[in-house]
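Here the structure comes first, spelled out in structure tokens, and everything after it is commentary.
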Amino acid sequence: MQATDTVPAEGEQAAGAGGGRRQPPKAVMYTIVGFIPFLLVMMLVTVYTSAMHQPAPRDLPVAVIGAGQQAEGLAARLNAVESSPVEVRTVATASEAKSLIMDREIAAAFEPPTAPGAPAAVYTAQTAGMGQASMAQSIFGGIAAQQNLQVEQHELAPLPAEDNMGVSAMLITTGWILAGYMIITMIGQGAPELFTLRRVPVYLAGWAALMSFVVWLIADPVIGAVSGHAWEMLALGWATVFAVGLAQSFIVHLVGGLGSVVGVFVLMYLGVPSSNLGMPVKSMPGFFEWLHGVLPTPAAGEALRSILYFGGDGVSGHLLVLMLWGAVSVAGSVALDSARNRRRPAHDGERAADEEPEAPAPAVPATV
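Under this note's numbering, the first residue of the sequence shown carries the number 124, and numbering increases by one thereafter.
So this is what it looks like as structure tokens:
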């Protein structure tokens, strides 16, 4: 018995399954799959290695204490050194130097001996950055050794016992940044129907509240890496996750599928080295010092350090950076969406006028 059915040709099946688009060859798909992780690894190694492989102080802001010729002469000699590791000012008194250190305007201060046979003094604040405190102590210790002077170390703001290496702020900030980045990346890839200008901020606000609480819960009550400042941490965590999520949403709107790569490069690969939390930006190439003032990761990290160790002093400037990232990202997403909606009807109309109905593909007889 023979019957003739209309079965689409193989080429038509492939086209129909792809919504009228031919799928790239498997070799191309495999290349794309391998290229993304290859690119991420190369970016990570390139950025982190170039930033951190050879740390050396560069224009580290310090002070020499004293109003006499000895202090002014020492400051002038240090500033005159080619490629000097420090940028030196003079201050009249030790109390003035201490105030500048606690305001994080300088990294350390050196006080020459005030009497024959007396030791020199070095003032630092570990909570402003353990790396820069160690660098300053090494620099001034070398100067004292050249002059056969004894040195007394004065630590104005030692790190707490629960964070004696000063890494908690960096790790908490990294958790906030990752939370804001990942949720938008996963929505865009796994639930694109939710990725709209109206829905994303609503979901993101709830997610930011949840993850801010989770990060605080793990860091403080569970592990004990920080102590106190719960409400301040919860508020800063929410603001950070929300602002970073809005920024990642704009990046995805702007570059589409490559948004995950661009986002992790800007927010993590550039953000963490320039945060000044792990290593001082004054020991890295100058580009990272500039990034320190504009990226959300350094802003969140420095704001957290201000809250944990300096009573919130200076936090407002860092919060302003986060607010600008959120506001600019929302404005950018709205502008992109509006521009694309204006172009789409005209484009679709032109395409419909130009296209003619195609003749149906010939059926392939099937024998049963």
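Just so you know, even glycine gets a beta-carbon here, dropped at the ideal spot from N, CA and C. Just so it is clear, the structure is predicted and the values come from calculations on it, not from any experiment.
Where the beta strand (DSSP E) through residue i begins and ends
| i | result |
| --- | --- |
| Val-290 | Taken as a continuous stretch (DSSP letters only), Val-290 belongs to no beta strand (DSSP E), as it is neither H nor E. |
| Arg-212 | 209-214 |
| Leu-167 | Taken as a continuous stretch (DSSP letters only), Leu-167 belongs to no beta strand (DSSP E), being part of the alpha helix (DSSP H) at 149-175. |
| Thr-247 | 243-247 |
Reduced DSSP category for residue i - H, G, I as helix; E, B as strand; rest coil
| i | result |
| --- | --- |
| Phe-233 | strand |
| Glu-275 | strand |
| Leu-369 | helix |
| Val-395 | coil |
| Leu-442 | helix |
| Glu-479 | Low confidence applies to Glu-479: its pLDDT is 45, below 50, so where it sits in the model is not reliable, and the reading given next is rough at best. DSSP places Glu-479 in coil when its eight states are reduced to three. |
| Val-387 | helix |
| Val-185 | strand |
| Thr-420 | helix |
| Thr-250 | helix |
| Gly-435 | coil |
| Ser-495 | With the chain represented from 124 up to 491, any question about residue 495 goes unanswered, as that position is not in the structure. |
| Val-378 | helix |
| Thr-319 | coil |
| Met-124 | Residue placement at Met-124 cannot be trusted, given a pLDDT of 42 that sits under 50; the coordinates are not used to answer. |
| Ser-261 | helix |
| Leu-301 | helix |
| Leu-357 | helix |
| Pro-180 | coil |
| Ala-267 | helix |
| Leu-459 | helix |
| Leu-447 | helix |
| Pro-344 | helix |
| Arg-227 | coil |
| Leu-427 | helix |
| Met-402 | coil |
| Ala-454 | helix |
| Ala-217 | helix |
| Pro-280 | In the sequence as presented, Pro is not what sits at residue 280; that position holds Ala. Of the three classes helix, strand and coil, the one that applies to Ala-280 here is coil, per DSSP. |
| Ala-362 | helix |
| Ala-256 | helix |
C-alpha distance - residue i paired with residue j, whole-angstrom precision
| i | j | result |
| --- | --- | --- |
| Ala-190 | Trp-354 | 44 Å |
| His-376 | Ser-456 | 6 Å |
| Gly-435 | Val-209 | 27 Å |
| Met-175 | Gly-351 | 32 Å |
| Gly-380 | Pro-283 | 44 Å |
| Pro-324 | Val-164 | 31 Å |
| Val-130 | Met-152 | For Val-130, the pLDDT reaches just 43, beneath the cut-off of 50, and the residue's location in the model is therefore unreliable, although a value from the coordinates is still provided. The alpha-carbon atoms of Val-130 and Met-152 are separated by roughly 28 Å. |
| Phe-502 | Val-387 | Nothing about residue 502 can be reported from this structure: the residues present for the chain run from 124 to 491 only. |
| Ser-218 | Gln-273 | 21 Å |
| Met-446 | Gly-240 | 54 Å |
| His-277 | Ala-244 | 7 Å |
| Phe-411 | Arg-145 | 44 Å |
| Ser-461 | Val-378 | 16 Å |
| Ser-206 | Gln-177 | 15 Å |
Residue i vs residue j beta-carbon contact at 8 Å
| i | j | result |
| --- | --- | --- |
| Val-187 | Ala-179 | no |
| Leu-105 | Ser-452 | Nothing can be reported for residue 105: it is not among the residues displayed for the chain, which extend from 124 to 491. |
| Ala-280 | Met-356 | no |
| Pro-236 | Glu-275 | no |
| Leu-359 | Ala-251 | no |
| Leu-183 | Lys-405 | yes |
| Leu-223 | Val-211 | no |
| Pro-408 | Tyr-171 | no |
| Ala-248 | Ala-256 | yes |
| Trp-361 | Ala-332 | yes |
| Val-338 | Ile-307 | no |
| Ala-198 | Thr-216 | no |
| Trp-292 | Leu-390 | The displayed chain sequence assigns Ala, not Trp, to residue 292. No, they are not a contact pair. |
| Val-384 | Ile-159 | yes |
| Leu-393 | Leu-414 | yes |
| Arg-227 | Gly-437 | yes |
| Gly-382 | Gly-311 | yes |
| Gly-289 | Met-253 | yes |
Residue interval of the alpha helix (DSSP H) (run including residue i)
| i | result |
| --- | --- |
| Val-349 | First-last for Val-349: undefined, no H or E at that position. |
| Ser-335 | 322-340 |
| Arg-145 | From DSSP, Arg-145 is part of no alpha helix (DSSP H); its letter is neither H nor E. |
| Ala-314 | Segment: none, Ala-314 is in no alpha helix (DSSP H) and carries neither H nor E. |
| Gly-196 | 192-203 |
| Glu-285 | Element bounds for Glu-285: n/a, residue is neither H nor E. |
| Leu-414 | 409-415 |
Query raised in the report: Using 8 Å as the threshold, is the segment 296-311 in touch with the segment 360-379, meaning 3 or more CB pairs across them?
Result: yes
Query raised in the report: Counting Cβ pairs closer than 8 Å, one from the segment 391-402 and one from the segment 417-430, do we hit at least three?
Result: yes
Requested in this report: Check whether the segment 245-263 touches the segment 223-235, taking contact to mean three or more Cβ pairs, one atom from each stretch, closer than 8 Å.
Outcome: yes
Requested in this report: For the segment 304-322 and the segment 344-352, state whether three or more C-beta atom pairs, one from each stretch, are separated by less than 8 Å.
Outcome: no
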